[in-house]
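Input: a single structure, listed below in C-alpha cells.
In my numbering, the protein residues as written are 25 to 205.
Dropping the structure here:
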C-alpha cells in the first residue's frame, strides 16, 4: 500500500514576525527539515509538501520531497486540497498529513498514528490535532475543506476516527520565536 506523506508547509507565519519560521534553526536544522525528516523516517513515500516560499522549498527539494506550490497567503484548506490532489494523482492509498511547524513530534509518535485503524489523528486532552492518517476512500471529503482550519472539522465527523493520545510536549506547534525554547 502506498502511504504518502503530506507536509503542509505553506503558511504565512504572521505571528512569528518577519522571519520565515519554517527556516528557523532548531537543534542543528531548520524546523521544516525536522518535520519532514520525521515523516520520512516513519516510512511514508512519496513525501509531498505544499510550499509558498523559496526557503522551505529549497530545503525540502534537497531532501527529495515532491513540491506542490500554492499561492502565498493561501488558506490551510487550499494547501491541504492541493496536496491531497497531488497525492491522489500519484496513486496514494493513504495519506499521513503533518504540519511544517511541529518539530517536536517523533517517529514513534507517527508510527502510533500509522498503525492505528484509519482514519486516525493525534489528540491531546480530548482535542484532535495533526498529524492525521487518512485512507484513500476519504480523500474526497478532505477536498471539501474550507478556510484556515484544514482537515480538523472534516476528520472530527469521520466515522470510526481513532484518536491517538500523544504527549502534549510533542504536539506543540510553533507560532512565536519563544515557542522554540
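For glycine and all other residues, C-beta sits at the position ideal for the given N, C-alpha and C.
Please state if the CB of residue j and the CB of residue i are separated by a distance shorter than 7 Å.
i, j, result
"residue 112", "residue 94", "no"
"residue 60", "residue 84", "yes"
"residue 174", "residue 101", "yes"
"residue 50", "residue 141", "no"
Taking 8 Å as the limit between beta carbons, can you name the residues of its chain near residue i, skipping five residues before and five after?
i, result
"residue 167", "105, 108, 109"
"residue 143", "156, 157, 158, 159, 162, 179, 182, 184, 185, 186"
Quick one: residues in its chain with C-beta nearer than 7 Å to the C-beta of residue i, no 5 flanking neighbours on either side, listed in chain order?
i, result
"residue 74", "32, 33, 34, 92, 94, 103, 106, 107"
"residue 180", "152"
"residue 160", "116, 117, 118"
"residue 54", "46, 47, 48, 83"
"residue 183", "none"
"residue 98", "34, 76"
"residue 191", "none"
"residue 149", "none"
Compute the Euclidean distance between the alpha carbons of residue i and residue j, then round it to the nearest angstrom.
i, j, result
"residue 185", "residue 132", "20 Å"
"residue 193", "residue 125", "13 Å"
"residue 56", "residue 153", "18 Å"
"residue 157", "residue 171", "20 Å"
"residue 196", "residue 114", "30 Å"
"residue 134", "residue 189", "11 Å"
"residue 147", "residue 130", "15 Å"
"residue 165", "residue 176", "11 Å"
"residue 27", "residue 90", "14 Å"
"residue 139", "residue 87", "25 Å"
"residue 178", "residue 155", "14 Å"
"residue 58", "residue 169", "26 Å"
"residue 122", "residue 145", "10 Å"
First and last residue of the beta strand (DSSP E) that includes residue i?
i, result
"residue 122", "118 to 123"
"residue 33", "27 to 33"
"residue 189", "186 to 189"
Go through its chain and collect everything with a Cβ distance to residue i's Cβ below 6 Å, but skip five positions before and after it.
i, result
"residue 79", "44, 47"
"residue 163", "108, 112"
"residue 29", "63, 68, 71, 120"
"residue 96", "76"
"residue 136", "188"
"residue 81", "75, 91"
Determine, for residue i, whether the minimum Cβ-Cβ distance to residues of chain D falls below 7 Å.
i, result
"residue 103", "No chain D is part of this structure, which consists of one protein chain only."
Quick one: complete alpha helix (DSSP H) runs, 4+ long, within the segment 148 to 175? Runs of the alpha helix (DSSP H) inside the segment 148 to 175: 163 to 166.
Which whole runs of the beta strand (DSSP E) in the segment 64 to 136 are 3 residues long or more, in chain order? For the segment 64 to 136, whole beta strand (DSSP E) runs of length 3 or above, ordered along the chain, are 71 to 75, 90 to 93, 118 to 123.
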